[in-house]
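Taken in order, these protein sequences are the chains called A and B.
Its first residue numbered 15, the first sequence is counted upward by one per residue in the numbering used here.
Its first residue numbered 802, the second sequence is counted upward by one per residue in the numbering used here.
Don't be surprised by glycine CBs; every beta carbon is placed ideally from N, CA and C.
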Amino acid sequence: MMGTVELNLRETELCLGLPGGETGAPVTGTKRGFSETVDLKLNLNNEPEINEGSKPHDVVTSVSKEKSSSPKDPAKPPAKAQVVGWPPVRSYRKNVMGSYQKPSGGTETAAFVKVSMDGAPYLRKVDLKMYKSYDELSNALSNMFSSFTMGKYGGEEGMIDFMNERNMALVTTWDYVPSYEDKDGDWMLVGDVPWPMFVDTCKRLRLMKGSDAIGLAPRAMEKCKSRA
Amino acid sequence: MSEDDEDQSPASDLRSQRPCSPNKSRNCISSSQTFPDHVLENVLENVLQFLDSRCDRNAASLVCKLWWKVEGLTRSEVFIGNCYALSPARLTQRFKRVRSLLLKGKPRFADFNLMPADWGANFAPWVSTMAKAYPWLEKVDLKRMFVTDDDLALLAESFPGFKELILVCCEGFGTSGIAVVANKCRKLKVLDLIESDVTDDEVDWVSCFPEDVTCLESLAFDCVEAPINFKALEALVGRSPLLRKLRLNRFVSLEEVHRLLLLGAPQLTSLGTGSFSRGDQSQQEPPDYAAAFRSCKSVVCLSGFRELMPEYLPAILPVCANLTSLNFSYANISPDMFKPIIHNCHKLQIFWALDSICDEGLQAVAATCKELRELRIFPFDPREDTEGPVSELGLQAISEGCRKLESLLYFCQHMTNAALIAMSHNCPELTVFRLCIMGRLRPDHVTGKAMDEGFGAIVKNCKKLTRLAVSGLLTDQAFRYMGEYGKLIRTLSVAFAGDSDMALRHVLEGCPRLQKLEIRDSPFGDVALRSGMHRYYNMRFVWMSACRLTMGCCKDVARAMPNLVVEVIGSDDDDVNRDYVETLYMYRSLDGPRKDAPQFVTIL
Chain A
15 MMGTVELNLR
25 ETELCLGLPG
35 GETGAPVTGT
45 KRGFSETVDL
55 KLNLNNEPEI
65 NEGSKPHDVV
75 TSVSKEKSSS
85 PKDPAKPPAK
95 AQVVGWPPVR
105 SYRKNVMGSY
115 QKPSGGTETA
125 AFVKVSMDGA
135 PYLRKVDLKM
145 YKSYDELSNA
155 LSNMFSSFTM
165 GKYGGEEGMI
175 DFMNERNMAL
185 VTTWDYVPSY
195 EDKDGDWMLV
205 GDVPWPMFVD
215 TCKRLRLMKG
225 SDAIGLAPRA
235 MEKCKSRA
Chain B
802 MSEDDEDQSP
812 ASDLRSQRPC
822 SPNKSRNCIS
832 SSQTFPDHVL
842 ENVLENVLQF
852 LDSRCDRNAA
862 SLVCKLWWKV
872 EGLTRSEVFI
882 GNCYALSPAR
892 LTQRFKRVRS
902 LLLKGKPRFA
912 DFNLMPADWG
922 ANFAPWVSTM
932 AKAYPWLEKV
942 DLKRMFVTDD
952 DLALLAESFP
962 GFKELILVCC
972 EGFGTSGIAV
982 VANKCRKLKV
992 LDLIESDVTD
1002 DEVDWVSCFP
1012 EDVTCLESLA
1022 FDCVEAPINF
1032 KALEALVGRS
1042 PLLRKLRLNR
1052 FVSLEEVHRL
1062 LLLGAPQLTS
1072 LGTGSFSRGD
1082 QSQQEPPDYA
1092 AAFRSCKSVV
1102 CLSGFRELMP
1112 EYLPAILPVC
1122 ANLTSLNFSY
1132 ANISPDMFKP
1142 IIHNCHKLQI
1152 FWALDSICDE
1162 GLQAVAATCK
1172 ELRELRIFPF
1182 DPREDTEGPV
1192 SELGLQAISE
1202 GCRKLESLLY
1212 FCQHMTNAAL
1222 IAMSHNCPEL
1232 TVFRLCIMGR
1242 LRPDHVTGKA
1252 MDEGFGAIVK
1262 NCKKLTRLAV
1272 SGLLTDQAFR
1282 YMGEYGKLIR
1292 TLSVAFAGDS
1302 DMALRHVLEG
1312 CPRLQKLEIR
1322 DSPFGDVALR
1332 SGMHRYYNMR
1342 FVWMSACRLT
1352 MGCCKDVARA
1362 MPNLVVEVIG
1372 SDDDDVNRDY
1382 VETLYMYRSL
1392 DGPRKDAPQF
1402 VTIL
């Protein structure tokens, strides 16, 4: 039996705070304003009653219990925190999508760049993301283009060992200098920047004939001198 | 594909059966005075075994006690929409010769982390009871259940004729459980793992299938996040002549798919392509993927593309003209990549994709796919504040081009009433309409008004509508429309909507066919809850979270309705006397409150 229940609307009114007496800015009307909903912040430190913040579902349930009356709120623009379970995309799907999105905002697609070797009849393509260092790329390229370098120095010796400082001094005597075109359209010498940065900025690779690379090589020469 | 594929028939089978009226039983008795009871039973059995549909069987079982009994003997497929609506013992007492069970567990909002993990829906008591009662069980289809490896092992050992295992959105088991099923169920035809959380126990389950020719017709493991033994898979496909459906996970590369297709392509009707990216980069000449797809003469359903390398996408062109179902929903495809493909898919009926195809891509779909029945557009970036590549433009185009549309799920950032009104007029066949405007409380972004008129038009003009999910800025008016016009609505999902209790009252006092109600973060309180008490016994469940319910009211409801299980779900340190109700989940039950409720669940 239900009996009479005094409809105390104030009590049932949704405040963004803990039930059981909450002083603070009076919430007028039953319609929740937009700003109230966007104040759903995960602010566990403010919640004296949630003392074990380690449990994930406590975090879940504390979202809607956030105090709306905390004095520090009014000055800040409402930060639109992510509400739990919204938008309603299954966690399975969210996890799969999440793995697509790197922090940089890029996707998990490959980073193919064209590789041209001066004098070779056709170009090749490599996926820079397949390699973890300049060494690996160097090996892969030498495999790819080994048939073209048989001429003068033959086999692998004709290719450049990018990061090998010992050889940097010999760069002008070699057939090919590895250069790349970066995002700004400039042609740079391979090997200067950290590998991940190189993968991000490299748009095209060109193995230049030594004689054409004079413009680039002095930079390398300076580098070697400064390292020596 | 079965994200929330809900069947159309009404509630679960096992309503409490009242004894039939005196007149009816008298009629039964008088007819059986001519023939002995067992003869009549035999006749009935032979007749009733032809009844397939659940509704028909439910109706037949209400005729009289005799029919109730015989129907119980002849029903071979049982559907249980809520695993806590009855106990396994009741199932085995009522139905004696069950071959197939479809069982659903957790409420849908559990998918969105609105409920702690170990809430329940355990398969264990079901499998152990059925192991003794149904030795001839052939098929188990579970949705949102907690299944352990031990449960799977018991299943594999207890049912020698077991043929079909389908696990949708389940969890609690790993590759070791799958291995046992693969190994012991010698008659296995179907092993479908769909969007389930399968732990990697580092067991080579593919090698566990028996050595000789298998009966496999369908093998789906696209959700298994573990590498597989490809050689074993190749051998398995080679000795599975009946295999028609194969859905690979993302650890299968394009080259491997190519090899599998060369083995078994002409018979396959459904293919999940795995990663759709090259595993071995150093190979000079990629194999001719298009040729492999050309040999897929029977493929009508294509999915996968889990790590798509877009430059290989054109390889699927040879099968496009035959496709009736295409799932791109894990592939970040731009409009330019997409348009040449979709241009060929004239027969497409089911299409799932990410919003990365943009409004432009949707326009291409509208231009080509005149047979489209189901469209689902998922967000690539599921956050509230992003730009949103699809909008009312795409929806408008679809409504104009795809007049046969029946089911829609659409995530977007902005929408207008005009587009919804247009769709309500253009697509009269709509039965499922689920629109998620990801920014909460967003109004019509052209007029600035609430989305009431748009959703109102949908419920008013789409007379076949059975399932509705609303979003955006909605006032009580929208709910008035729902209550007044939503005559066939069975499932309603509401989030961040409405102004007052009146909104929910409109729905509870209207919507005569309402079965499943799920509400979150809306200002509905005790008055609204009480207004529905006349109908909660006729519903499968009600979910209300982050609304304005008090413990007192929920207790009143529980007291007034003894066959209703009223669960209040909160955090562990909740005081039972605390007044605020975080989450209310209530459902009818024939066997009273469950005994396996965890600590954070209070049953009133």
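- Query: Checking contacts by CB at 8 Å: is residue 108 of chain A closer than that to chain B?
  - Reply: The residue given as residue 108 of chain A occupies position 94 in the first sequence. At least one chain B Cβ lies under 8 Å of residue 108 of chain A.
- Would you list the residues sitting across from residue 930 of chain B in a DSSP beta bridge? To locate residue 930 of chain B, count along the second sequence from 1; it is residue 129. DSSP links residue 930 of chain B through a beta bridge to no other residue.
- Which one of B:1371, B:1005, B:1264 and B:1010 has the shortest CA to CA distance from residue 990 of chain B? Along the second sequence, one-based indexing puts residue 990 of chain B at 189. The candidate whose alpha carbon is nearest that of residue 990 of chain B is B:1010.
- Start-to-end residues for the beta strand (DSSP E) that takes in residue 192 of chain A: The residue you call residue 192 of chain A lines up with position 178 of the first sequence. Annotation for residue 192 of chain A: the continuous beta strand (DSSP E) segment containing it runs 190–195.
- Task: Let me know the secondary structure DSSP gives residue 1303 of chain B once reduced to three states.
- Result: Reading the second sequence from its first residue, position 502 is the one you call residue 1303 of chain B. In the three-state scheme derived from DSSP, where H, G and I count as helix and E and B as strand, residue 1303 of chain B is classed as helix.
- Message: What does the alpha-carbon distance come out to for the pair residue 963 of chain B and residue 980 of chain B?
- Response: As a first step, residue 963 of chain B must be located in the second sequence, where it is residue number 162. As a first step, residue 980 of chain B must be located in the second sequence, where it is residue number 179. Counting only the Cα atoms, residue 980 of chain B lies some 15 Å from residue 963 of chain B.
- Query: Taking three-plus beta-carbon pairs below 8 Å as touching, is the stretch 938–954 of chain B in contact with the stretch 890–907 of chain B?
  - Reply: Taking 8 Å as the limit for Cβ pairs, the verdict is that the stretch 890–907 of chain B does touch the stretch 938–954 of chain B.
- contact_flag[the stretch 1239–1252 of chain B, the stretch 1196–1208 of chain B] where n(CB pairs < 8 Å) is 3 or more: Taking 8 Å as the limit for Cβ pairs, the verdict is that the stretch 1196–1208 of chain B does not touch the stretch 1239–1252 of chain B.
- Task: State whether the stretch 204–221 of chain A contacts the stretch 123–137 of chain A, with contact taken as three or more CB pairs (one from each stretch) at a distance under 8 Å.
- Result: Short answer: they touch.
- In angstroms, rounded to a whole number, what distance separates the CA positions of residue 1123 of chain B and residue 204 of chain A? Translated into the one-based positions of the second sequence, residue 1123 of chain B becomes position 322. Translated into the one-based positions of the first sequence, residue 204 of chain A becomes position 190. Rounded to the nearest angstrom, the gap between the Cα atoms of residue 1123 of chain B and residue 204 of chain A is 48 Å.
- Item | Helix, strand or coil at residue 1228 of chain B according to DSSP, with G and I counted as helix | Numbered from its first residue, the second sequence carries residue 1228 of chain B at position 427. Coil.
- Query: To which residues does DSSP link residue 967 of chain B through a beta bridge?
  - Reply: Numbered from its first residue, the second sequence carries residue 967 of chain B at position 166. Looking at the DSSP assignment, residue 967 of chain B forms a beta bridge with B:942 and B:993.
- Message: Any beta carbon from chain B within less than 8 Å of residue 101 of chain A's own beta carbon?
- Response: Numbered from 1 along the first sequence, position 87 holds the residue referred to as residue 101 of chain A. At least one C-beta of chain B is nearer than 8 Å to the C-beta of residue 101 of chain A.
- Using a Cβ-Cβ cut-off of 6 Å (strictly less than) and excluding sequence neighbours within five positions of residue 1031 of chain B, which residues of its own chain qualify? Mapped onto the second sequence, residue 1031 of chain B falls at position 230. So the qualifying residues of the chain are 1057.
- Task: Could you say which of B:900, B:1140 and B:912 lies nearest to residue 931 of chain B if we only look at CA atoms?
- Result: Sequence index remark: in the second sequence, residue 931 of chain B carries index 130 (1-based). The shortest Cα separation from residue 931 of chain B among B:900, B:1140 and B:912 belongs to B:900.
- Taking a cut of 7 Å between CB atoms, which residues from the stretch 131–151 of chain A lie near chain B? Of all residues in the stretch 131–151 of chain A, 141 and 144 have a Cβ within less than 7 Å of some Cβ in chain B.
- Task: Within its chain, find whatever has a CB closer than 8 Å to the CB of residue 1335 of chain B; leave out the 5 residues flanking it on each side and keep chain order.
- Result: Numbered from its first residue, the second sequence carries residue 1335 of chain B at position 534. Within its own chain, no residue has a Cβ closer than 8 Å to the Cβ of residue 1335 of chain B once the five positions on either side in sequence are excluded.
- Task: Within its chain, find whatever has a CB closer than 7 Å to the CB of residue 1322 of chain B; leave out the 5 residues flanking it on each side and keep chain order.
- Result: Taking the second sequence and counting its residues from 1, the one referred to as residue 1322 of chain B is at position 521. Here residue 1322 of chain B has 1296, 1297 and 1347 as same chain residues with Cβ atoms under 7 Å from its own Cβ, once five neighbours each way along the sequence are excluded.
- Any contact of the stretch 1273–1293 of chain B with the stretch 872–883 of chain B, i.e. 3+ C-beta pairs under 8 Å? Segments in contact, no.
- Can a CB atom of chain A be found closer than 8 Å to the CB of residue 1212 of chain B? Against the second sequence, residue 1212 of chain B aligns to sequence position 411. The beta carbon of residue 1212 of chain B falls within 8 Å of a beta carbon belonging to chain A, placing the residue at that interface.
- Message: Quick check on the DSSP output: the beta strand (DSSP E) that includes residue 1321 of chain B runs from which residue to which?
- Response: On the second sequence, residue 1321 of chain B is found 520 positions in, with the first residue counted as 1. Per DSSP, residue 1321 of chain B belongs to the beta strand (DSSP E) from 1317–1321.
- Query: Along chain A, in chain order, which residues have C-beta atoms closer than 7 Å to that of residue 1239 of chain B?
  - Reply: Counting from 1 along the second sequence, the entry for residue 1239 of chain B is found at position 438. Within chain A, the residues near residue 1239 of chain B are 101.
- Given 8 Å, three or more beta-carbon pairs between the stretch 1161–1175 of chain B and the stretch 1185–1199 of chain B: Short answer: they touch.
- Task: Use the C-beta contact count for residue 937 of chain B: other C-beta atoms within 10 angstroms, 16 or more gives buried, fewer gives exposed.
- Result: For the purposes of this step, residue 937 of chain B is identified with residue 136 of the second sequence, where counting begins at 1. With fewer than 16 other Cβ atoms inside 10 Å of its own Cβ, residue 937 of chain B counts as exposed.
- What residues of chain A sit near residue 1180 of chain B, judged by a beta carbon separation below 9 Å? Position 379 of the second sequence holds residue 1180 of chain B. Simply 101, 103 and 111.
- Message: Short of 8 Å Cβ to Cβ, which residues in the stretch 1008–1040 of chain B face chain A?
- Response: Within the stretch 1008–1040 of chain B, 1024 place their CB atoms closer than 8 Å to a CB of chain A, listed in sequence order.
- Alpha-carbon spacing of residue 1324 of chain B relative to residue 1015 of chain B, whole angstroms: For the purposes of this step, residue 1324 of chain B is taken as the residue at position 523 of the second sequence. For the purposes of this step, residue 1015 of chain B is taken as the residue at position 214 of the second sequence. One alpha carbon belongs to residue 1324 of chain B, the other to residue 1015 of chain B, and they sit about 56 Å apart.
- Query: DSSP beta-bridge partners for residue 99 of chain A?
  - Reply: Walking along the first sequence from the start, residue 99 of chain A turns up at place 85. Paired residues: none, contrary to the question.
- Message: Please report the straight-line C-alpha distance between residue 175 of chain A and residue 106 of chain A, rounded to a whole angstrom.
- Response: Stepping through the first sequence from its first residue, residue 175 of chain A is reached at position 161. Stepping through the first sequence from its first residue, residue 106 of chain A is reached at position 92. Because the pLDDT of residue 175 of chain A is 47, which lies under 50, any placement of that residue in the model is unreliable, and the question is left without a value.
- So which residues of chain B does residue 98 of chain A contact, with C-beta pairs closer than 8 Å? In the first sequence, the residue the question calls residue 98 of chain A occupies position 84. Correct list: 913, 914 and 915.
- Query: Does the beta carbon of residue 80 of chain A sit closer than 8 Å to a beta carbon anywhere in chain B?
  - Reply: Taking the first residue of the first sequence as position 1, residue 80 of chain A is located at position 66. Residue confidence is low: residue 80 of chain A scores 36 on pLDDT, short of 50, so the model does not pin down where it sits. Its coordinate-derived value is still stated next. For residue 80 of chain A, the answer is no, since every Cβ of chain B falls outside 8 Å of its Cβ.
- Do residue 1350 of chain B and residue 1359 of chain B have their C-beta atoms within less than 8 Å of each other? Taking the second sequence and counting its residues from 1, the one referred to as residue 1350 of chain B is at position 549. Taking the second sequence and counting its residues from 1, the one referred to as residue 1359 of chain B is at position 558. No, they are not a contact pair.
- Message: Can you tell me whether residue 1273 of chain B is buried or exposed? The criterion is at least 16 other CB atoms within 10 Å of its CB, across all chains shown.
- Response: Here residue 1273 of chain B refers to the residue found at position 472 of the second sequence. By the neighbour-count rule (16 or more Cβ atoms within 10 Å), residue 1273 of chain B is buried.
- Query: What three-state label does DSSP hand residue 1000 of chain B in the structure shown?
  - Reply: Position 199 of the second sequence, counted from the first residue, corresponds to residue 1000 of chain B. Here residue 1000 of chain B carries a strand assignment [DSSP, helix/strand/coil].
- Item | Buried or exposed (CB count within 10 angstroms, at least 16 for buried), residue 851 of chain B | Indexing the second sequence from 1 puts residue 851 of chain B at position 50. Exposed is the call here.
- Message: So, for residue 195 of chain A: in the same chain, excluding its five sequence neighbours on each side, which residues have a beta-carbon less than 6 Å away from its beta-carbon?
- Response: For the purposes of this step, residue 195 of chain A is taken as the residue at position 181 of the first sequence. So the list reads 201, 217 and 218, once near-sequence residues are dropped.
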